[in-house]
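Residue numbers (our numbering), protein chains in the order written: chain A, 263 to 379; chain B, 211 to 323.
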Amino acid sequence: EAGVAQSPRYKIIEKRQSVAFWCNPISGHATLYWYQQILGQGPKLLIQFQNNGVVDDSQLPKDRFSAERLKGVDSTLKIQPAKLEDSAVYLCASSFPLRGGNTGELFFGEGSRLTVL
Amino acid sequence: AQKVTQAQTEISVVEKEDVTLDCVYETRDTTYYLFWYKQPPSGELVFLIRRNSFDEQNEISGRYSWNFQKSTSSFNFTITASQVVDSAVYFCALSEDFNKFYFGSGTKLNVKP
């Protein structure tokens with residue numbers, strides 16, 4: 263079974279530039295999460311999708327971050343314009359539907375490491 | 211409010227030593243779930259275990275064991291006879307509904323040969 267795919271793995275940009283990250287979850291996983299992991303910290307939820315609907319985006323800095331999950335499969339996270347403090351690893355995770363044998367396990371991708379100069 | 215605290219930022223041990231990673235959590239719910247994840251240098255968090263709040267039995271899986279104590283709100287993780295491959299960052303996490311997950315700040319484990 264293919265895991266959660268993310269790209270690009272690494273991205274370096276100047277502040278005020280824009281960047282987009284892509285995530286393809288495990289097939290059949292209805293729930294998709296984007297987490298931000300700053301060096302030395304635990305993952306912090308940015309946005310959660312259930313199919314193509316947003317469940318929680320309370321922690322998403324909406325003035326610069328946006329995310330979409332068209333067709334309820336893959337997802338894109340965009341930052342525009344980027345700030346120095348956005349330097350982090352952006353992790354995508356997916357899980358089974360709540361009523362579909364969900365064990366609570368999150369399946370993570372390898373992350374996209376962003377450096378903002 | 212939900213919170214997970216991993217007070218140990220970094221631990222270094224020599225191979226074959228036993229090591230315990232601490233996790234303390236806060237929640238007002240009576241039903242909740244606790245998790246441990248391993249993050250190797252590749253970056254991908256890997257699920258290790260889930261524990262339900264209504265099951266306080268300790269669990270052992272090979273060299274790994276987990277001690278869940280509701281009285282102290284702790285869910286500690288012990289690696290017996292550590293190996294270099296155990297070097298990683300370990301995260302403890304809490305969820306009340308399999309929907310939202312609260313992660314601790316992680317403990318970096320260095321196992322030296």
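By construction, the Cβ of each residue, glycine as well, lies at the ideal position given by its N, Cα and C atoms. All values derive from a computational prediction rather than experimental measurement.
Contact between the stretch 267 to 279 of chain A and the stretch 341 to 349 of chain A is defined here as three or more beta-carbon pairs at a separation below 8 Å; is this criterion met?
yes
Where the stretch 217 to 244 of chain B meets chain A: residues whose CB sits under 9 Å from a CB there:
Thr219, Tyr243
Do three or more CB pairs link the stretch 296 to 304 of chain B to the stretch 233 to 250 of chain B at distances below 8 Å?
yes
Between the alpha carbons of Trp296/A and Gln249/B, how many angstroms are there, rounded?
Your numbering for residue 296/A matches position 34 in the first sequence. Your numbering for residue 249/B matches position 39 in the second sequence. Roughly 16 Å between the two C-alpha positions.
Mind reading off the beta-carbon distance from Cys285/A to Asp325/A? Whole number of angstroms is fine, and I expect it under 8 Å.
Start at 1 with the first residue of the first sequence, and residue 285/A comes out as number 23. Start at 1 with the first residue of the first sequence, and residue 325/A comes out as number 63. Wrong, their Cβ atoms sit about 22 Å apart, outside the cutoff.
Does the count of Cβ pairs from the stretch 270 to 288 of chain B and the stretch 246 to 262 of chain B closer than 8 Å reach three?
yes
Buried versus exposed call for Asp265/B [16 or more other C-beta atoms within 10 Å across all chains shown]
Locating residue 265/B in the second sequence gives position 55, where the first residue counts as 1. That one is exposed.
Could you confirm whether any beta carbon from chain A is found closer than 9 Å to the beta carbon of Arg260/B?
One-based indexing of the second sequence puts residue 260/B at position 50. So, interface residue.
Residue range of the beta strand (DSSP E) that Ala344/A falls in?
Locating residue 344/A in the first sequence gives position 82, where the first residue counts as 1. Ala344/A -> no beta strand (DSSP E), and no H or E assigned at all.
Quick one: what does DSSP say Lys273/A is sitting in, helix, strand or coil?
By 1-based counting over the first sequence, the position of residue 273/A is 11. Of the three classes helix, strand and coil, the one that applies to Lys273/A here is strand, per DSSP.
Looking at the unbroken beta strand (DSSP E) that takes in Cys285/A, where does it start and where does it end?
The sequence position of residue 285/A within the first sequence is 23, counting from 1. Segment 281 to 286, the beta strand (DSSP E) holding Cys285/A.
According to DSSP, is Lys333/A helix, strand or coil?
Taking the first residue of the first sequence as 1, we reach residue 333/A at position 71. Of the three classes helix, strand and coil, the one that applies to Lys333/A here is helix, per DSSP.
What does the alpha-carbon distance come out to for the pair Leu244/B and Gln216/B?
Within the second sequence, the letter at position 34 stands for residue 244/B. Within the second sequence, the letter at position 6 stands for residue 216/B. If I take the Cα positions, the gap works out to 13 Å.
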